[in-house]
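Each remark here refers to the structure printed beneath this line.
Below is the structure:
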């Protein structure tokens, strides 16, 4: 396999690096040093630069979304808790004693949007108890005390998410912002 092909393969195994290359925010030499590829670092950096040039930039178009928050979510019995291999998931039992909040986005949703939402919630240090996307709906379930912050995160991803990439931005006040 050529050095360029090996570099592309290594990048595809690191989604954050792939997204950074698409966004044009990579120090190629520093990135080359982090990849476990045998070869000259400058040659690897050149392969990264060429690969980045071949990638389409992320689409910064607005998405048509309606985002709503529902704080009336409670786990009322063990029957409503997640089950894995026949056992109730222990973490879900611990959180079942507190009220939960569902954040629902409807409209132009897909798995890339879900990925971005989950990244933003992780960066904002908001626990996600369940998440999914089906049809034109995306839902994340968070602890009630995190509902307002989670709502801001989901509303903040209306812009800048395309069907092949996601990115998040950290804010020291746990508030999510658009890219």
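In the numbering used here, the protein residues as written are 2 to 180. Just so you know, even glycine gets a beta-carbon here, dropped at the ideal spot from N, CA and C.
Let's test the definition: count the other Cβ atoms within 10 Å of the Cβ of residue 71 and tell me whether it reaches 16, buried, or not, exposed.
By the 10 Å Cβ count, residue 71 comes out exposed.
Residue ranges of each alpha helix (DSSP H) run of no fewer than 4 residues wholly in the segment 104-154, ordered along the chain?
Complete alpha helix (DSSP H) runs here, min 4: 112-124.
Going by DSSP, what residue range makes up the beta strand (DSSP E) through residue 71?
Where residue 71 is concerned, the enclosing beta strand (DSSP E) stretches over 66-74.
Considering only the alpha carbon of each residue, which of 155, 42, 107 lies closest to residue 121?
The candidate whose alpha carbon is nearest that of residue 121 is 155.
Measuring alpha carbon to alpha carbon, tell me which residue in 26, 49, 158 is nearest residue 118.
For residue 118, the nearest C-alpha among the options comes from 158.
With a threshold of 7 Å on Cβ separation, who are the neighbours of residue 165 within its own chain once the five nearest residues in sequence on each side are excluded?
Confidence in residue 165 is poor, its pLDDT being 41 and thus under 50, which makes the residue's placement too unreliable to answer from.
Residue 138 and residue 105: beta carbons closer than 8 Å?
Closer than 8 Å, so yes.
Taking 8 Å as the threshold (C-beta atoms), are residue 129 and residue 141 in contact?
Contact: yes.
If you follow the alpha helix (DSSP H) that residue 12 is part of, which residue opens it and which one closes it?
Start and end: 4-13.
So, under 8 Å CB-CB, residue 143 and residue 101 are touching, yes? Tell me the CB distance rounded to an integer number of Å.
Sure, about 7 Å apart at Cβ, within 8 Å.
Using only the alpha-carbon positions, how far apart do residue 2 and residue 151 sit?
Approximately 44 Å between the Cα atoms of the pair.
Using three-state DSSP, classify residue 101 as helix, strand or coil.
Strand at residue 101.
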